[in-house]
Structure formats: C-alpha cells, structure tokens
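Protein chains in written order, with our numbering: chain A, 567 to 837; chain B, 1361 to 1614.
Beta carbons are placed, not taken as given, at the ideal position from N, Cα and C, and that holds for glycine.
All values derive from a computational prediction rather than experimental measurement.
A short worksheet on the structure shown next.
Pasting the structure below:
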C-alpha cells in the first residue's frame, strides 16, 4: 500500500496554495486518513504558521533530505489530529537544498510508515522547487483565482503536470488533475469584475472540484494558525470540507457560488 | 590474432577504437562555420586537413532542417575536413542521420533527450521573433511520404507547442493563450483557438486553417501572419477558415 501523493500547485503566488494544503491535509485527517503535509517552499516557509506549529519545528524537510535527521524526528504531530503530521520547510536554506533523490527518499519513507496521503505544498513559479513538488505526484490540486493571469498560469501548470511528472515520463497513466477555484466572490462575478466558474472551466477545459468563496475568515484563521476547514462558521471552511469529500470520491453539489441575499448573509455572519 | 588470408570469408568485422574530432555546432550558420574551420585547418594542416569529423548538433536550440544540415556538412567539406557522421542527439537526430545517409556516432544514441525539445518550426517561414523555449508535446513523426494527419487529443496548454511535420494537424481540444500549433500542412481545430496557429510552416501557400471557435492571438500561413490585439466582433467565437489570397491572409466565417 503506497501513499497517494497530492501536490497543491498554481504557478502564481498568493492564490491560496498553503491555505488549501493546510485545509486539505486536515480534512483528509478528519476523514480518518493518515496524512503528512510537506512544505516545499524552502526559504519562505509558511505552512507551519498556518498549521499553528511554528514553535515546534526542530528539524525540517531539508534536514531529512540531507540525512541530518530522521523522518520520525522531523515530522511534527498536529495537536488537534492524531493522524496528521507536518514536515516544515527550512527558512534558512534555498531551493537548491532539495534534490530529486532526496525528495523521493522522503516520500518512500512516508509510504513505508503507512501514510495514506502526502500533501505537497508547492512554491509559486515553475522553477526547481515547484518541479520537485509535482514530480512524484499522483494527483494535483491546481489552485486558481477567478482572474485572467491566474488562469493563464494554471494552464501552464496543467501542461507541465501532463508532461513533467514521473507518471508522465514513465507512461503510468495521467496524473489526476483537480481544479480548485479560490477567492471566489459571486457579487463581483455578477458585476463582471471576476471570471465566473463557467468562464474558468471553459478556458481551462476542466471542471472544478470545488469553489472556495472569498471570506474574511480565511485570513483570520491563517493568522490564528488554525486551518480554515476547522472553522464551522466560515463558508470557506465548509467549502473546503465539500472539496475534500469530493477528492475522496463523494458527490456534493457546489455551494456558495451564487449571490446571496442580505438576509442569508446576516444569518451566516449574524450571531 | 590475425585472420588467416585464406579463409573463405570475404571480410572480417571487428571493432576498434579511433579518436575522432567532433565539430560542436553552436550556431546553424554555415558561412561562419566554414570560416572558423578553415582557420583551424590552416593553423594545423597536419592535424586537420582531410581529418574525419563528426557533426554534433546537440548544442543547438532546435534541430536544423535537412537543408541547413546539408549546408553545414558542405561547409565542413569546403573547409577541408571530411564529415563522416552525426554525433549524439535524440531520436530526431537519429531520424535526421537516417535521411542524410550518415551514421550516428554516439555512446548514448536516443537514450539522451534534452530538457527542451527540437521541434520548433523552421524559423525562416514563421513570423520573425525570438524563439521562446517551449516544451514539445509530440515529437514530430519521422519524415517520409506524406501520411495524412497528426492528431492531438485534448487541450494544448499555455507554453506547449505541437508541430506536425510534413502533414496536417488536427486538434480536438482547445489551444490556450500562449500555446502554439504548427503544421507543414493544414490545421484543423475542433475547439477554441486562443493561442497561435501556423500552417504551411515549410512555405506551402495552399494550406488552410480551420477553427471551430475563433479567438486566436495569431494565425499564419506560409509566413504571412495576422496578430489580433482585438478580435473582430464578427469573427469572435465563430467557425472560420483562413487562407492565402496572394500575399494577403484572408479570414472568413464558415
């Protein structure tokens, strides 16, 4: 039984990759899976902050890759979920500290330790760090914002996923691509300021696995070090919950994609 | 050790190691290559005059077309050296060597594929612009008799390039902004064309481009091209065909 490796990627920065990685990993753990989430953004580590474990980082991903620490030493157990572990990035090294062989060794190690899922939080860009994050993936969550430059970059990433991964190189069948639309604001879509779900699906030729509405709770949750999926009152958290269920094979209708009436807004945010 | 002269076999086949000079081509510029080599031959005629050399094209961004390679080989010859084969390279170099009737001398042969592909269309016939580094999606089919069409199923993503050498290209998905499809023959797109399409890359002016949802950045036939900063309203999202009327690139709804 090998671990399913899911890369969370986008090409563009600031679209919500790390937020998505944290919520996806947490959601999978809540579904009873044994999950490791790895920060590939060496030099700009953030995932530990969003996961709320930044003060418990002793050894990091680069240490393990270089054989300076064992996986067991570097994996940080989540304080809320027994089966969730974080592998932080190094803040003091640069991206060249990662090697393909080293990453493979870590992923194989996690597989041997009985992990069901490994979530790889990719850095922005299409350089080495992003390449290594996607190379071994079985599934990809491509995070896209409803605006043209993000859609363009995602298109490029989708092309790379189809050609520059181990599965593609070995001809092991295509990597499963999930499109996740984040920071979606139905009101601004209605006003023509943002692309709609339909526009994005049409341009990229893929249907979305989830739509995460733009929400103030996301920022608040990030600052508090709590993945937003744990915030039951936040619609973004509920949307992440739906998304994780869909990745696990459940069928759920899209929510929060239409403009809501004032009254409903008040009911959600009121108390 | 020596084969006896009176055995009935007509020859002996044995392997030996010989040192051989390798001309690593950095620019596909035959005249410059000839000048450079001539200088080398003059400086050390004992060493280089009539020396057997292999031509290494692996350092060029794109594998040159057959005509250019012919010119390069001729340049080596006129400089006073004797080209005996091609070195290294990919499966495309191998196909090229076969067409040229030259051996491919390499340790690795096609085992070595470079990071970036060699499938860009011949630069002379496309619109002139710096060639971006792109990832090829399909290796071009080895040249031979024209063999119908090359099919591409699904979307061509931004940054990808598909080239159908010596044949038509049929794409059943969309071509994204920043993606490029090129064919020596006609191009048919059964999806949105948001990127670039260039037909007749080898200069055939009779070819056409057919698109079922027109939103192109650029279309070109045999080097005559039109860019669309703004897509004409009467063409946007329509089924169109493009053809050449003399020098003029025509586009009309189907």
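Going by beta carbons, residue 664 of chain A and residue 717 of chain A fall outside the 8 Å limit. Exclusion of the five residues before and after residue 1560 of chain B leaves 1567, 1581, 1582 as the residues of its chain whose Cβ lies within less than 6 Å of its Cβ. Any Cβ of chain A closer than 8 Å to the Cβ of residue 1521 of chain B would place that residue at the interface, and such an atom is absent. For residue 722 of chain A, the residues of chain B that pass the 8 Å Cβ criterion are 1517, 1518, 1519, 1538, in the order they occur in the chain. Residue 644 of chain A and residue 617 of chain A have their alpha carbons spaced roughly 8 Å apart. Taking a contact as a CB-CB distance under 8 Å, the pair residue 743 of chain A and residue 726 of chain A does not count as one, their CB atoms being some 11 Å apart. If you keep only unbroken alpha helix (DSSP H) runs of at least 4 residues inside the region 709-783 of chain A, you get 714-729, 732-736, 752-756, 763-770.
In the displayed model, residue 1558 of chain B falls within a strand according to three-state DSSP.
A/775 is the residue among A/826, A/824, A/790, A/775 whose C-alpha sits nearest the C-alpha of residue 808 of chain A.
Put simply, the CB of residue 1533 of chain B is near chain A, with a gap under 8 Å to one of its CB atoms. Not one beta carbon of chain B lies nearer than 8 Å to the beta carbon of residue 733 of chain A. Its chain contains 601, 647, 649, 650 as the residues whose beta carbon lies nearer than 6 Å to that of residue 595 of chain A, once the 5 sequence neighbours on both sides are disregarded; these appear in chain order.
Only exposed fits residue 1511 of chain B, as fewer than 16 other CB atoms lie within 10 angstroms of its CB. Distance check between residue 712 of chain A and each of A/677, A/668, A/695, A/768 places A/768 closest, using alpha-carbon atoms only. The region 1392-1407 of chain B and the region 1433-1451 of chain B touch, with no fewer than 3 CB-CB distances between them shorter than 8 Å. DSSP, read as helix, strand or coil, puts residue 587 of chain A in helix. Listed along the chain, the chain B residues whose CB falls inside 9 Å of the CB of residue 718 of chain A are 1518, 1536, 1537, 1538. Assigned with DSSP and collapsed to three states, residue 811 of chain A falls in helix. For residue 771 of chain A, the chain B residues whose C-beta falls within less than 7 Å of its own C-beta are 1515, 1533, 1534, listed in chain order.
Under the Cβ criterion of 8 Å, residue 725 of chain A is counted among the residues facing chain B. When rounded, the separation of the alpha-carbon atoms in residue 789 of chain A and residue 814 of chain A is 28 Å. Inclusion of residue 575 of chain A and residue 796 of chain A in the CB contact set at 8 Å is not warranted, their separation being larger than that value. Across the set A/642, A/627, A/679, the C-alpha of A/627 shows the shortest separation from the C-alpha of residue 666 of chain A. Sorting B/1434, B/1443, B/1435, B/1429 by C-alpha distance to the C-alpha of residue 1455 of chain B places B/1429 at the top. Here residue 612 of chain A is buried, its C-beta having at least 16 other C-beta atoms within 10 Å.
If you draw a 10 Å sphere on the C-beta of residue 1548 of chain B, you find 16 or more other C-beta atoms in it, and that means buried. The region 580-587 of chain A makes no contact with the region 667-677 of chain A, as fewer than three CB pairs between them are under 8 Å. Contact annotation: the region 700-715 of chain A does not touch the region 631-641 of chain A, with fewer than three C-beta pairs closer than 8 Å. Checking the DSSP bridge columns, you'll see residue 705 of chain A partnered with A/572, A/742. In the DSSP assignment, the residues bridged to residue 1585 of chain B are B/1580. Counting only unbroken stretches of 3 or more residues, the beta strand (DSSP E) elements lying wholly within the region 636-693 of chain A are 650-653, 683-687, in sequence order. Per DSSP, the continuous beta strand (DSSP E) segment holding residue 1601 of chain B begins and ends at 1600-1605.
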